[in-house]
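Q: Protein chains in written order, with the numbering used here: chain A, 21 to 133; chain B, 2 to 116.
Don't be surprised by glycine CBs; every beta carbon is placed ideally from N, CA and C.
Please read these numbers as outputs of a predicted model, since none were measured by experiment.
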Amino acid sequence: AQSVTQPDIHITVSEGASLELRCNYSYGATPYLFWYVQSPGQGLQLLLKYFSGDTLVQGIKGFEAEFKRSQSSFNLRKPSVHWSDAAEYFCAVHTGTASKLTFGTGTRLQVTL
Amino acid sequence: EAGVTQFPSHSVIEKGQTVTLRCDPISGHDNLYWYRRVMGKEIKFLLHFVKESKQDESGMPNNRFLAERTGGTYSTLKVQPAELEDSGVYFCASSIPSGLTDTQYFGPGTRLTVL
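1. Is W35 of chain B closer than 8 Å to Y106 of chain B when the C-beta atoms are compared?
2. Could you please tell me which residues of the region 104-116 of chain B, in chain order, have their CB closer than 9 Å to any CB of chain A?
3. By how many angstroms is the C-alpha of L78 of chain B removed from the C-alpha of E69 of chain B?
4. Can you check which of these residues, A:F83, A:L39, A:E35, A:L53, is closest to R124 of chain A by C-alpha distance?
5. Kindly say whether L41 of chain A, judged by its beta-carbon, lies nearer than 8 Å to any beta-carbon of chain B.
6. Around the Cβ of H49 of chain B, are there at least 16 other Cβ atoms within 10 angstroms (buried) or fewer (exposed)?
7. Drop a sphere of 10 angstroms on the beta-carbon of S96 of chain B, count the other beta-carbons inside from all chains shown, and report buried for 16 or more, exposed for fewer.
8. Suppose you measure from the CA of E84 of chain B to the CA of L22 of chain B; what does that come to, to the nearest Å?
9. Since C43 of chain A is in the beta strand (DSSP E), which residue starts that stretch and which ends it?
10. DSSP has V13 of chain B in a bridge; who is on the other side?
11. Can you find a C-beta in chain B that's less than 8 Å from the C-beta of Q62 of chain A?
12. I'd like to know whether the C-beta atoms of Q96 of chain A and E35 of chain A end up nearer to each other than 8 Å.
13. Look at the Cβ atom of G63 of chain A, then the Cβ atom of G110 of chain B, and state whether they are nearer than 8 Å.
14. Hey, which unbroken runs of the beta strand (DSSP E) at 3 residues or more fall wholly within the region 24-112 of chain A?
15. If the cut-off is 9 Å on Cβ atoms, which residues from the region 32-44 of chain B count as contacting chain A, listed in chain order?
16. Could you check whether the Cβ of Y47 of chain A sits closer than 8 Å to any Cβ belonging to chain B?
17. Starting from the Cα of A110 of chain A, find the closest Cα among A:S92, A:V57, A:Y45, A:V33 and give me that residue.
18. What does DSSP give as the partner residues of N32 of chain B in its beta bridges?
19. Between B:D31, B:N64, B:I44, B:E86, which has its C-alpha nearest S54 of chain B's C-alpha?
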């Protein structure tokens, strides 16, 4: 069965600093990968997704993620964090044969001014 | 276009009571999913409808949970009787069936607290 690991439970960065949130997956075949964000009091919002093709994908709010098959990773990045990016971020995968998503435990991002 | 909506946003009930959660998917989305996040844990899949049919209910924890989607539009998730461990946030998501490229859009969730 597939699994997703987000090794960092909590990360604090200063506003304007760069950000990288880690995500590792375990699945034997081609994964379909997603990043979602949950801002305080909000639902889950899709940031970006990777299905195939270019391994660097661009998302909303200035986020990007890079799929690295050799490392089984799909890390989320942003060059300059804004205070409004404080939220919880979830990496997820589905295998295509089954549409249900498998999520990581989430990374809570705190942004200091 | 309206997103996925869920009602209520919060529910506080006592152990042994019944609660019904509702989800209205995005119009035209035949796929509807229920997920749950228990505090401190990952978001976990509960079940998947395609129109009114249950495609996959492998994540339903036990027979105290009953999901329905009459007419293939909105869905309800009933917990009867509720137990303390049922507390958590219940998310609903919907999508257009797209096979390998299925992309799910989530609602705001219902926070259920069982006392």
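A: From the atom records:
1. Within the second sequence, residue 106 of chain B is the residue found at index 105, counting from 1. Within the second sequence, residue 35 of chain B is the residue found at index 34, counting from 1. Cβ atoms of Y106 of chain B and W35 of chain B: not closer than 8 Å.
2. T104, Q105, Y106, F107, G108, P109, G110
3. As a first step, residue 69 of chain B must be located in the second sequence, where it is residue number 68. As a first step, residue 78 of chain B must be located in the second sequence, where it is residue number 77. The alpha-carbon atoms of E69 of chain B and L78 of chain B are separated by roughly 7 Å.
4. Here the question's residue 124 of chain A lines up with position 104 in the first sequence. Here residue 124 of chain A turns out to be Gly, not Arg, going by the sequence shown. Comparing Cα positions, the closest option is A:L53.
5. Reading the first sequence from its first residue, position 21 is the one you call residue 41 of chain A. It does not: the Cβ of L41 of chain A has no partner Cβ on chain B nearer than 8 Å.
6. Indexing the second sequence from 1 puts residue 49 of chain B at position 48. By the 10 Å Cβ count, H49 of chain B comes out buried.
7. The sequence position of residue 96 of chain B within the second sequence is 95, counting from 1. S96 of chain B comes out buried.
8. Locating residue 84 of chain B in the second sequence gives position 83, where the first residue counts as 1. Locating residue 22 of chain B in the second sequence gives position 21, where the first residue counts as 1. If I take the Cα positions, the gap works out to 15 Å.
9. Locating residue 43 of chain A in the first sequence gives position 23, counting from the first residue. Neither: C43 of chain A is in no beta strand (DSSP E) and is coded neither H nor E.
10. Residue 13 of chain B sits at position 12 when you count from the first residue of the second sequence. In DSSP, V13 of chain B forms a bridge with B:T114.
11. Residue mapping note: residue 62 of chain A aligns to position 42 of the first sequence, counting from 1. For Q62 of chain A, the answer is yes, since a Cβ of chain B falls inside 8 Å of its Cβ.
12. As a first step, residue 96 of chain A must be located in the first sequence, where it is residue number 76. As a first step, residue 35 of chain A must be located in the first sequence, where it is residue number 15. It should be pointed out that residue 96 of chain A corresponds to Leu in this sequence rather than to Gln. No, these two residues do not count as a Cβ contact at 8 Å.
13. Taking the first sequence and counting its residues from 1, the one referred to as residue 63 of chain A is at position 43. Taking the second sequence and counting its residues from 1, the one referred to as residue 110 of chain B is at position 109. Yes, the Cβ-Cβ distance between G63 of chain A and G110 of chain B is below 8 Å.
14. 30-34, 39-41, 44-46, 52-58, 64-70, 76-78, 84-88, 93-98
15. N32, Y34, Y36, R38, G41, K42, E43, I44
16. Sequence index remark: in the first sequence, residue 47 of chain A carries index 27 (1-based). So no, Y47 of chain A is outside the interface.
17. For the purposes of this step, residue 110 of chain A is identified with residue 90 of the first sequence, where counting begins at 1. One point to set straight first is that residue 110 of chain A is Phe, not Ala, in the sequence displayed. Taking only the C-alpha atoms, the option nearest F110 of chain A is A:V57.
18. Position 31 of the second sequence, counting from 1, holds the residue named residue 32 of chain B. According to DSSP, N32 of chain B bridges with B:V51, B:S96.
19. Counted from its first residue, the second sequence places residue 54 of chain B at position 53. Among B:D31, B:N64, B:I44, B:E86, the Cα nearest to that of S54 of chain B belongs to B:D31.
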